[in-house]
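Have a look at the structure below before the remarks.
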Amino acid sequence: MQKVFINIGNLAQVRASESNILRGTLMADVPSIDNAWLKTKDGIIEDYGPMTELQEDSAYETIDLNGQMVTPTFVDSHTHLVFAADRDEEFVMKIKGMGYQEIAEAGGGILNSARRLQETPFNELLAGAKRRLEAAISTGTGAIEIKSGYGLTMEAEIKMLQVIAQLKQDFDIPIKSTFLGAHAFPTSDHDKYMDTLLQEMLPEIYSQKLADYIDCFCEKGYFNTDQMCHLLEAGEKYELKPKVHVNQFNAIGGVEKAIEFGAISVDHLEVLPDEEISLLKDSDTIPVGLPGCSFFLNIPFTPARKIIENGLPLVLASDFNPGSAPSFNMSTINSLAAIKMKLLPEEAFNATTHNAAYALELADEVGSITKGKRANFIVGKPGKNLNSISYNFGVDWIESVYINAKKV
Ligand SMILES: N=CN[C@@H](CCC(=O)O)C(=O)O
Ligand SMILES: [Zn+2]
């Protein structure tokens with residue numbers, strides 16, 4: 000099936016296939032073509048160019064976009080999209096003054112989600128996850144990572160990962176799955192749970208090929224750096240590269256260790272000492288900020304400007320989960336990045352598209368308008384431009400979303 004989209008007011012994020020992750024000042028540029036056309040074939044971007052150079056071909060179905068903008072879809076590189084229930088009651092506790100860790104100690108938090116998920120049958124979990132993923136796609140997400148970590152028993156972690164595996168089958172966007180059994184200790188016997196993770200869960204997950212990455216919540220009161228190192232070492236044995244939760248509340252050495260293990264990304268980084276910025280500069284590990292979480296929990300925002308000004312690449316993701324970031328809307332992430340992190344709209348957009356694809360090792364498939372990549376793109380409403388994505392906070396600038404060149 001061949002399609003040509005014509006009269007595109009602005010075709011944004013047009014890049015050659017050999018481009019790299021964007022670092023520092025390069026993040027401020029989003030290459031684009033005004034008054035453009037875009038050809039797709041069998042769901043793949045075939046070619047593009049200015050309208051003045053369009054060659055008519057009757058083999059193509061023509062879609063006239065009447066001057067509207069086209070951008071690639073967002074890549075959401077960090078979510079916890081599979082869960083049993085919202086935690087809105089904790090939200091109210093928070094409004095009344097309780098802190099994230101205090102709520103966890105009162106029976107809320109990750110263990111609350113784990114209890115509920117353990118009781119929820121596979122089909123019910125899958126149905127909820129499908130509804131959320133469909134909604135995320137309709138807000139412009141065209142590739143996503145989803146973590147386990149609300150199971151915390153062998154049976155429930157496998158169930159979560161099997162839900163993600165089923166989503167991979169049922170949806171035609173790229174989905175990466177991450178094993179986050181080390182999200183919280185479900186028992187006071189930490190050594191025993193570490194044994195369960197290392198001796199039971201990891202071998203089973205490996206044999207069923209249920210995960211692409213391994214994660215760990217490295218934080219005071221959760222997993223310490225030694226425990227994270229044991230996990231990442233075992234992950235190496237089972238061919239799982241790390242993408243880890245570090246420095247959300249405290250810097251306890253997780254960044255350095257994650258870099259040593261060749262982590263693809265270090266996510267959260269609300270607390271980021273200068274020495275760790277230097278370590279990141281000497282590594283290929285990508286810093287990922289989660290502004291939805293900072294906004295929702297009222298905690299510091301990842302120092303995104305400082306990361307960029309140090310010549311590093313930056314990725315931003317939703318962290319969509321029922322406890323600390325109950326929104327999957329990547330346009331909102333762009334708005335928070337601009338308003339709270341002082342990023343230019345172009346920097347925020349690069350952090351959620353082109354660069355984000357690298358945080359999921361999907362740069363050859365998504366993240367930009369590039370020949371040979373998937374035709375996953377967004378058509379903006381009339382009059383909207385790249386600035387609108389950050390500027391119109393909470394307002395839907397999206398007219399339609401195309402996945403593999405099909406309107407969803
Ligand atoms: N910080 C750790 N994990 C999640 C929150 C999980 C929860 O509160 O349920 C996060 O990334 O923010
Ligand atoms: Zn998270």
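Each residue of the sequence shown is one higher than the one before, starting from 0 at the first, in numbering that gives the first Met the number 0. Idealized CB from N, CA, C, for every residue including glycine. Since the structure is predicted, the reported quantities are computational estimates derived from the model, not experimental observations.
Check: What would DSSP say about P312, mapped onto helix, strand or coil?; Outcome: strand
Check: Any chance the stretch 322–337 sits against the stretch 291–300, with 3 or more Cβ pairs inside 8 Å?; Outcome: yes
Check: For ligand 1, any of its heavy atoms closer than 7 Å to the Cβ of A113?; Outcome: no
Check: What do you reckon, are the CB atoms on E144 and S76 nearer than 8 Å?; Outcome: yes
Check: Quick check: K38 and Y47, are their CB atoms within less than 8 Å of each other?; Outcome: yes
Check: Can you give me the Cβ contacts of L299 inside the same chain, cut-off strictly under 8 Å, excluding the 5 residues immediately before and after it?; Outcome: The sequence shown places Pro at residue 299, rather than the Leu named in the question. Same-chain partners within the cutoff: E269, V270 and S293.
Check: In the DSSP assignment, find the unbroken beta strand (DSSP E) run with K370 in it and report its ends.; Outcome: Per DSSP, K370 belongs to no beta strand (DSSP E) and is neither H nor E.
Check: Would you list the residues sitting across from T70 in a DSSP beta bridge?; Outcome: I377
Check: Just tell me which of D56, E17, S326 and L385 has its CA closest to the CA of R131.; Outcome: S326
Check: Enumerated in chain order, which unbroken segments of the alpha helix (DSSP H) with a length of 4 residues or greater are wholly contained in the stretch 164–228?; Outcome: 189–194 and 201–206
Check: Helix, strand or coil: which one does DSSP assign to P241?; Outcome: strand
Check: Check whether the Cβ atoms of I136 and I307 sit closer than 8 Å, and answer yes or no.; Outcome: no
Check: Determine the DSSP secondary structure at A15, reduced to helix, strand or coil.; Outcome: coil
Check: Determine the burial state of E275: buried for a count of at least 16 other Cβ atoms within 10 Å of its Cβ, exposed for fewer.; Outcome: buried
Check: Considering only the alpha carbon of each residue, which of S206, F248 and E346 lies closest to A27?; Outcome: E346
Check: Tell me whether C79, by its Cβ, gets closer than 7 Å to a heavy atom of ligand 2.; Outcome: The question names Cys, but residue 79 in the sequence shown is His. Under cutoff, so the answer is yes.
Check: Examine ligand 1 and report whether any of its heavy atoms sits within less than 7 Å of the Cβ of D318.; Outcome: yes
Check: Can the beta-carbon of I338 be found closer than 8 Å to that of T351?; Outcome: no
Check: Where do the ends of the beta strand (DSSP E) carrying S399 lie?; Outcome: I397 to I402
Check: Does the Cβ-Cβ distance between L311 and P272 come in under 8 Å?; Outcome: no
Check: Give the DSSP-derived three-state secondary structure of N111 in the structure shown.; Outcome: helix
Check: Measure the CB-CB distance between G180 and V400 and report whether it falls below 8 Å.; Outcome: no
Check: Could you tell me how far apart the beta carbons of Y157 and E203 are, in whole angstroms, since I believe they sit closer than 8 Å?; Outcome: The sequence given here has Ile at residue 157, not Tyr. The Cβ separation is near 6 Å, so the contact holds.
Check: When every heavy atom of ligand 1 is checked, does at least one fall within less than 7 Å of the C-beta of P185?; Outcome: no
Check: So within the stretch 318–358, which uninterrupted alpha helix (DSSP H) runs reach at least 4 residues, ignoring any that extend past its ends?; Outcome: 329–340, 344–351 and 353–357
Check: Could you tell me the alpha carbon to alpha carbon distance between K95 and F222, rounded to whole angstroms?; Outcome: 28 Å
Check: Along the chain, where does the alpha helix (DSSP H) containing N122 start, and where does it finish?; Outcome: F121 to S137
Check: Contact defined as beta carbons within less than 8 Å: I believe G42 pairs with R373. What is the distance between those atoms, to the nearest angstrom?; Outcome: 6 Å
Check: What are the partner residues of I43, as DSSP defines its beta bridges?; Outcome: K40 and R373
Check: By the three-class DSSP mapping on this structure, what secondary structure does R86 have?; Outcome: coil
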